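Residue numbers (this note's numbering), protein chains in the order written: chain Z, 760 to 1154; chain B, 230 to 492. Every residue, glycine too, gets a C-beta built ideally from N, C-alpha and C. Just so you know, these numbers come straight off a predicted model, no measurement behind them. Reading through the structure tokens given below for one structure.
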Amino acid sequence: MSYIKVNNDKVTKEIAEKLINICPFNAFDYENSKLSINASCKICKICVKKGPVGVCEFIEDEKILINKEKYKGITVYIEQRNNIAHLVSWELIGKAKELAIKTKENVYAVVIGNDVENIVKEALEFGVDKVFVYEDDAYKEFNVEIYTNVINSFYQKYKVNVILFGGTTQGRSFAPRVAARLKTGLTADCTMLDITEDGDLLQIRPAFGGNIMAKINTPNHRPQLATIRYKMFDEPKKANPKGKVIRESNDNISKKTTIEIIQSFEKPQVSDISDAEIIISVGRAFKKKKDIELLEPLRKILNAEFACTRPLIENGWFDARKQIGLSGRTVKPKLIINFGISGAVQYIEGMKDSELIISINTDKHNKLFDISHYSIHGDLYEILPKLNDLLDQIL
Amino acid sequence: MKIITCIKQVPASTNVQVDPKTGVLIRDGNNVKMNPFDLYALETAFQINSMTSNVNIHSVTMGPLSAKSVLEEALYMGSNTATLISDRRFAGADVLATSYTLSQLIKHINNYDLVICGKQTTDGDTAQVGPEIAEFLNIPHVPYVKEIIEIKDKSILLRSTYDDYDEIVEVYFPCLITVDKGSNVPRLPSYKRKIAFKNAVIETISLNDLNDKNPNNYGLNGSPTQVDEIFPPTSNTDSIEVFGSPKELSESLFKILKESKYL
Chain Z
760 MSYIKVNNDK VTKEIAEKLI NICPFNAFDY ENSKLSINAS CKICKICVKK GPVGVCEFIE
820 DEKILINKEK YKGITVYIEQ RNNIAHLVSW ELIGKAKELA IKTKENVYAV VIGNDVENIV
880 KEALEFGVDK VFVYEDDAYK EFNVEIYTNV INSFYQKYKV NVILFGGTTQ GRSFAPRVAA
940 RLKTGLTADC TMLDITEDGD LLQIRPAFGG NIMAKINTPN HRPQLATIRY KMFDEPKKAN
1000 PKGKVIRESN DNISKKTTIE IIQSFEKPQV SDISDAEIII SVGRAFKKKK DIELLEPLRK
1060 ILNAEFACTR PLIENGWFDA RKQIGLSGRT VKPKLIINFG ISGAVQYIEG MKDSELIISI
1120 NTDKHNKLFD ISHYSIHGDL YEILPKLNDL LDQIL
Chain B
230 MKIITCIKQV PASTNVQVDP KTGVLIRDGN NVKMNPFDLY ALETAFQINS MTSNVNIHSV
290 TMGPLSAKSV LEEALYMGSN TATLISDRRF AGADVLATSY TLSQLIKHIN NYDLVICGKQ
350 TTDGDTAQVG PEIAEFLNIP HVPYVKEIIE IKDKSILLRS TYDDYDEIVE VYFPCLITVD
410 KGSNVPRLPS YKRKIAFKNA VIETISLNDL NDKNPNNYGL NGSPTQVDEI FPPTSNTDSI
470 EVFGSPKELS ESLFKILKES KYL
């Protein structure tokens, strides 16, 4: 078993205090001159790397290593509903192709459904090497139990290296189910992906709920699974199809389920901020909902879409689909103007690739300024009335 | 009917930063609280209690001994019993190892009809643990539940919400659901219950009480993923800083938009 060992013969009160201070998880207890580690430890090894030399040691058992040569192929699960593919699937194919160049692997698409010819055709146009097709009446609507059986059957047959899922509501329910079935790792909402020459997927995402990025890998398990939000990567260009279509038998896949869909309702369409070219985004500095009307002249003249941060969704001021960030939408507009947004890392990851970023805030330490092209230091309640006067003159 | 609710203690502040020089995490304060999503999971259990008879609500958590406080809160809100599972050998658990541990804990409690989890936690932010527990228990799960429509003898009728659509599903017991924020209004802990549960003993168990006692399936050893490195997010160094009076600032903004041809 791997663990952190504390060499108590080297522990003094000062050393104990130092270690307690550097541990981000409050995992040290110091009692009766003895330093011990409690169950809060996440084995981040900061105490080993950054603490006083020789006090904390990482003890690791020898592991039986897997043969990574046996697992080949970067696979994208093509999410579909009513036989229309979710666009995130194509973005993932673009990323999979980039990764595959490094490791000289093939890129695969897995399509599950009924009557999915148009999706298969499109996947080929995006340049995959093989499309594996599972078609059956039972796959018409997404069912997490049945679809997990399908992916399991695919993996047992082909032993692929990587499977990528869109970080949609469906993907985030499905991928963990697959991960537990295959007893492997899964990293949610990756914002960057890379791969080593021997095929280890490097998954980068915000971590510990704060302004930190973590690089995560899956050193000794296959397949490697990750979910990625829509609009995180670019859609690849279509080309002449060169890939093959492989139709799989479904005879040995169990279609048993205890979940029955009684009824399904499409939500009324709201204009999707993911596709907006100009966005005005608002944050917690707005004291009440009505104050957002101060922005109406600017919104009108720019023909912009409104978007917002998570707290405003929680206040009920906006439809949840207007939220930018990892738990909302990822956007890449030509212009985004942020008013009174503090810039949590989850928000920034959802909009940092915008072409022109302008931010207005009173707090000079706010994180959004770090990624903005223009950082305007001021109070929106003072600036907006004056701006509206200027806009009046050109209307 | 027996309901198990999985809850978690999380840091009260998410304002964590990395020291760019030393790479050490700097956490703002040591305060902890119940994961906000779990309040909605608990409230869902209490609502089911008011819709049908003979409901027993058992709250569980995994964490250090100090995580007992979230179980106390759950009892004061309306849970009947609670179990903490704590063991140093769980240290370093990723999503898979955490889900596996919780599934073992749920099997240890046994005879359940429904498991309720919050959609996600505010510290991990993955929303993966609920579905993984369900898979380990070999039971169906329904995510993002926003309404309990009807409790039947052998099944439950739910409304669940996805990006672009809502679904009404019927799912048979035993099953697991995850509950999103805003699906109900969580009650506050009751003072009366606090008095009533003053001397209640919260069951505390460890790895040795579980059916699978192999330590290699838990904690760091049972975790396929590992964190290689943590680092601060990248920043754009060419930022142009604009200072001045409100009038000057509004003129600057106007000028920037004009020069970039948006006005």
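Kindly give me the distance between the Cβ atoms of residue i and residue j, rounded to whole angstroms, as I take these residues to be in contact under 8 Å.
i                      : j                      : result
residue 322 (chain B)  : residue 448 (chain B)  : 5 Å
residue 809 (chain Z)  : residue 781 (chain Z)  : 6 Å
residue 370 (chain B)  : residue 353 (chain B)  : Actually they do not touch by this definition, with Cβ atoms about 18 Å apart.
residue 890 (chain Z)  : residue 1005 (chain Z) : 7 Å
residue 234 (chain B)  : residue 308 (chain B)  : 7 Å
residue 887 (chain Z)  : residue 815 (chain Z)  : That belief does not hold up - the Cβ atoms of residue 887 (chain Z) and residue 815 (chain Z) are roughly 47 Å apart, past 8 Å.
residue 1090 (chain Z) : residue 990 (chain Z)  : 7 Å
Less than 8 Å between CB atoms is the rule here; does residue i satisfy it with respect to chain B?
i                      : result
residue 908 (chain Z)  : no
residue 995 (chain Z)  : no
residue 1121 (chain Z) : no
residue 935 (chain Z)  : yes
residue 923 (chain Z)  : no
residue 778 (chain Z)  : no
residue 801 (chain Z)  : yes
residue 869 (chain Z)  : no
residue 811 (chain Z)  : no
residue 1149 (chain Z) : yes
residue 762 (chain Z)  : yes
residue 748 (chain Z)  : No answer is possible for residue 748 (chain Z): the residues shown for chain Z start at 760 and end at 1154.
residue 1141 (chain Z) : yes
residue 1025 (chain Z) : yes
residue 829 (chain Z)  : no
When you compare the CB of residue i with every CB in chain Z, is at least one pair closer than 8 Å?
i                     : result
residue 430 (chain B) : no
residue 469 (chain B) : yes
residue 365 (chain B) : yes
residue 396 (chain B) : yes
residue 372 (chain B) : yes
residue 520 (chain B) : With chain B covering only 230 through 492, there is no way to say anything about residue 520 (chain B).
residue 426 (chain B) : no
residue 415 (chain B) : no
So, is residue i buried or exposed, given that buried needs 16 or more other C-beta atoms within 10 angstroms?
i                      : result
residue 786 (chain Z)  : buried
residue 420 (chain B)  : exposed
residue 372 (chain B)  : buried
residue 986 (chain Z)  : buried
residue 1086 (chain Z) : buried
residue 931 (chain Z)  : buried
residue 469 (chain B)  : exposed
residue 882 (chain Z)  : buried
residue 316 (chain B)  : buried
residue 1029 (chain Z) : exposed
residue 962 (chain Z)  : buried
residue 1153 (chain Z) : exposed
residue 839 (chain Z)  : buried
residue 306 (chain B)  : buried
Just the chain B side, please: which residues come within less than 9 Å of residue i by C-beta, in chain order?
i                      : result
residue 878 (chain Z)  : Neighbours of residue 878 (chain Z) on chain B: none; closest Cβ ~17 Å, over 9 Å.
residue 991 (chain Z)  : Residues of chain B passing the Cβ test: none, with the nearest at roughly 15 Å.
residue 1133 (chain Z) : 468, 469, 470, 471, 481, 482, 485
What residues of chain Z sit near residue i, judged by a beta carbon separation below 8 Å?
i                     : result
residue 491 (chain B) : 1037, 1061, 1094
residue 357 (chain B) : 931, 934, 935, 938, 945, 947
residue 410 (chain B) : 1073
residue 400 (chain B) : 1017, 1018, 1019
Along chain B, which residues have their Cβ under 8 Å away from the Cβ of residue i?
i                      : result
residue 972 (chain Z)  : 459, 460, 461, 462
residue 1022 (chain Z) : 396, 397
residue 846 (chain Z)  : Residues of chain B passing the Cβ test: none, with the nearest at roughly 12 Å.
residue 966 (chain Z)  : 456, 459
Can you name the residues of chain A whose CB is closer than 7 Å to the CB of residue i?
i                      : result
residue 1137 (chain Z) : Absence of chain A from the displayed structure is noted, the protein chains being Z and B.
Strictly below 9 Å CB to CB, what residues from chain Z border residue i?
i                     : result
residue 419 (chain B) : None at all; the shortest Cβ gap to chain Z is about 24 Å.
residue 316 (chain B) : 798
Mind listing the chain Z neighbours of residue i? Cutoff is C-beta to C-beta under 7 Å, in chain order.
i                     : result
residue 360 (chain B) : 932, 935, 936
Residue i versus chain B: which residues are under 7 Å apart at the beta carbon?
i                     : result
residue 787 (chain Z) : None at all; the shortest Cβ gap to chain B is about 11 Å.
residue 980 (chain Z) : 453
residue 865 (chain Z) : By Cβ distance, chain B contributes nothing, its closest Cβ being about 23 Å from residue 865 (chain Z), past 7 Å.
Report the residues of the region 441-460 of chain B with a CB closer than 8 Å to any CB of chain Z, ordered along the chain. 444, 445, 448, 449, 450, 452, 453, 454, 455, 456, 457, 458, 459, 460
Along the region 286-304 of chain B, what residues have a CB closer than 9 Å to any CB found in chain Z? 291, 292, 293, 294, 295, 296
Closer than 7 Å, Cβ to any Cβ of chain Z: which residues of the region 321-344 of chain B, in chain order? 321, 323, 324, 325, 328
According to a CB-to-CB cut-off of less than 8 Å, which residues of the region 474-485 of chain B neighbour chain Z? 475, 476, 478, 479, 480, 481, 482, 483, 485
Between the region 265-280 of chain B and chain Z, which residues of the former have a C-beta closer than 8 Å to a C-beta of the latter? none
Given a limit of 7 Å on CB to CB distance, which residues of the region 1103-1122 of chain Z reach chain B? 1104, 1107, 1115, 1117
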